[in-house]
Amino acid sequence: MDLLAKLCNAPGVSGFEGEAQDIAYEELKACSDKIWKDRLGNVIAVKYAASGRRIQEADGSERAIRLLYSAHIDEIGMMVSHIDDEGFLRFRAIGGLDPRTLVSERVVVHGTRAKPQKLKGVIAPQSGWLGSPEDRQRVFPISELYIDLALPSAEVHEAVEVGDVITLAAEFSSLNDRVVVGRNFDDRMGVYCLIEAMKRLHDPQVDVYAVSSVQEEVGVRGIPTAANVIAPDIAVAIDGSLPSDTPYARSEERQCKLGGGTGIYLMDNRTIGNPQILRGLFSTCEKHGIAYQRNLGGGTDASEIQRRGLGALATTIGAPTRYMHSTVQLCHLDDIEATIRLLSTFPNEAANILPSDWI
Ligand SMILES: [Zn+2]
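Those letters in the sequence shown? Residues 102 to 460, by this note's numbering.
Below you can see the structure in the form of C-alpha cells.
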C-alpha cells in the first residue's frame with residue numbers, strides 16, 4: 102500500500118512522467134535482470150527465462166518465448182496556455198479530461214520560470230451570484246475555466262511560464278478498509294500491479310518484460326518504441342477495467358463489479374482480445390483460484406503492441422476502476438491482489454498457448 106500511495110502521489114502527466122517514472126525504475130531495477138530507459142522515457146525491465154520452451158528463429162537460432170507486460174505511468178493533466186494581467190491561468194488539457202469533473206478541483210502548477218517550484222491553486226467555480234441563469238445549468242468548457250493561484254500578479258508572472266505543467270492535486274487515501282481512492286489509478290494501479298508481479302516472479306518459463314510506458318493517455322504514443330525493441334510473442338497490458346455497478350449505468354450496460362476480481366478484456370475499441378491468450382488467462386485464474394470477470398474496455402497499450410514486428414497475441418487485464426478520468430477513482434484491494442496474482446502466475450502458462458509452429 103505504501104508503494105501504491107507513493108506512485109499515485111507522484112506527478113506524471115503525459116510527456117512529463119519523470120518523477121513518477123523514477124519510482125517505477127528503482128522498484129523494477131531491484132527485481133529484474135536488466136533495466137533501461139528508451140528515448141521516449143519508457144522504462145523497460147526484463148527477467149529472463151530460467152528454463153522452458155524454446156522457439157526456433159528463421160535463421161535457425163533458438164530463443165525463449167517473450168512475454169511483455171505493459172502499464173502506463175502517465176496520467177491526464179493540463180498545461181498553462183495563457184497568464185492574464187491579473188495572474189489568472191488558462192490551460193489546455195493533456196489527455197481526456199472531462200470538464201464536468203474539473204471545477205473546484207485543487208491543482209499543482211509546476212512553475213519553471215524563475216526556478217522549478219510547485220504552486221498550489223484551484224480551478225475556479227463561478228459563484229452563484231455571477232453569470233446568467235443558464236450558466237448555473239451548463240458545463241463550462243475547459244476554454245472558459247481558469248486557475249487561481251491567489252498570488253499577486255507579478256509573482257505569478259515571475260514564477261509561471263506558458264507551457265508549465267499542471268497536475269490535479271488530489272492525493273491517495275483509503276475510503277474504507279477495502280477500497281482506495283486516488284486521482285490516477287488509471288493507470289498507477291497497473292504500474293503497481295506490474296511491479297508487485299515482477300517481485301513475486303521466480304524462475305519464469307518465458308522471458309518476462311515489464312514496461313512502465315509513457316504517453317498512453319494522449320493516444321498510445323509511448324509503447325510502440327518499447328514494443329519494437331522487445332518484439333514480444335505474447336503481451337498483456339494492465340489497465341483499469343470498467344466497473345459499471347453504479348446508478349449511472351443501465352442494467353444492460355453493466356459488466357464488471359468493484360470487488361469482483363480482476364477484469365480480463367475480451368475486446369476494447371482498439372484490440373480484440375486474442376482467443377488463445379483469453380483461454381490461457383481464464384485457465385490460469387481457475388487453476389489458481391483467482392477471481393476474474395469479463396470486461397469490454399476503452400483502449401490500451403495492447404492495441405499498439407499487437408501490431409509491432411511480426412505481431413503479438415495481446416489483450417489487457419486490470420482491477421476495475423470506478424470513475425476513471427476523475428480525481429475520485431476507486432479500486433478494491435482484492436481486485437488489485439487478484440491482478441498481481443494473475444500476472445505472477447501466467448508466465449508459466451504462457452508458453453503453452455502458442456501454436457507449435459509459432460515463429
Ligand atoms: Zn489507462
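All C-beta atoms, glycine included, are put in the ideal place defined by N, C-alpha and C.
Mind checking whether the beta-carbon of residue 340 lies closer than 6 Å to any heavy atom of ligand 3?
Summarising the ligand content, the structure contains ligand 1 and does not contain ligand 3.
Have a look at 181, 266 and 362 and flag the residue whose alpha-carbon is nearest the alpha-carbon of residue 279.
362
Does the beta-carbon distance from residue 422 to residue 341 come in below 7 Å?
yes
Residue from 103, 114 and 451 with nearest C-alpha to residue 317:
114
Write down every uninterrupted run of the alpha helix (DSSP H) in the segment 322-348 whose length is 4 residues or greater and which is fully enclosed by it, in chain order.
324-331
Every unbroken beta strand (DSSP E) within the segment 143-227, with a cutoff of 3 residues, ordered by chain:
144-148, 155-157, 163-165, 167-173, 178-184, 190-195, 207-212 and 218-224
What I want to know is whether the C-beta of residue 199 ends up closer than 6 Å to one or more non-hydrogen atoms of ligand 1.
no
Any 3 or more C-beta pairs closer than 8 Å across the segment 124-144 and the segment 296-306:
yes
Helix, strand or coil for residue 433 per DSSP?
strand
Run the CB neighbour count on residue 216, radius 10 Å, all protein chains shown included, and call it buried at 16 or more, exposed below.
exposed
What's the call for residue 378, buried or exposed, on a 16-neighbour Cβ count within 10 Å?
buried
In this structure, does DSSP put residue 124 in helix, strand or coil?
helix
Whose C-alpha, out of 412, 410 and 442, is nearest the C-alpha of residue 419?
442
Indicate the three-state DSSP secondary structure (helix, strand or coil) for residue 351 in the structure shown.
coil
Where the beta strand (DSSP E) through residue 364 begins and ends
363-368
My understanding is that residue 315 touches residue 197, with C-beta atoms under 8 Å, so please give their C-beta distance in whole angstroms.
That pair is no contact at about 16 Å.
Looking at C-alpha atoms only, which residue of 329, 135, 319 and 253 is the closest neighbour of residue 187?
253
Residue 274 to residue 334, Cα distance in whole Å?
38 Å
Comparing alpha-carbon positions, which option in 247, 244 and 228 lies nearest residue 238?
228
For residue 175, is the beta carbon positioned less than 6 Å from some heavy atom of ligand 1?
no
Report, in whole angstroms, the separation of the C-beta atoms of residue 240 and residue 223, which I expect to be a contact under 8 Å.
About 18 Å; that fails the 8 Å criterion.
Helix, strand or coil at residue 377 [DSSP, three-state]
helix
Residue(s) in a DSSP beta bridge with residue 137:
145
Element boundaries [alpha helix (DSSP H), containing residue 291]:
286-301
Please report the residue range of the alpha helix (DSSP H) in which residue 418 lies.
Careful: residue 418 lies outside any alpha helix (DSSP H), inside the beta strand (DSSP E) at 414-419.
As assigned by DSSP and simplified to three states, the class of residue 257:
helix
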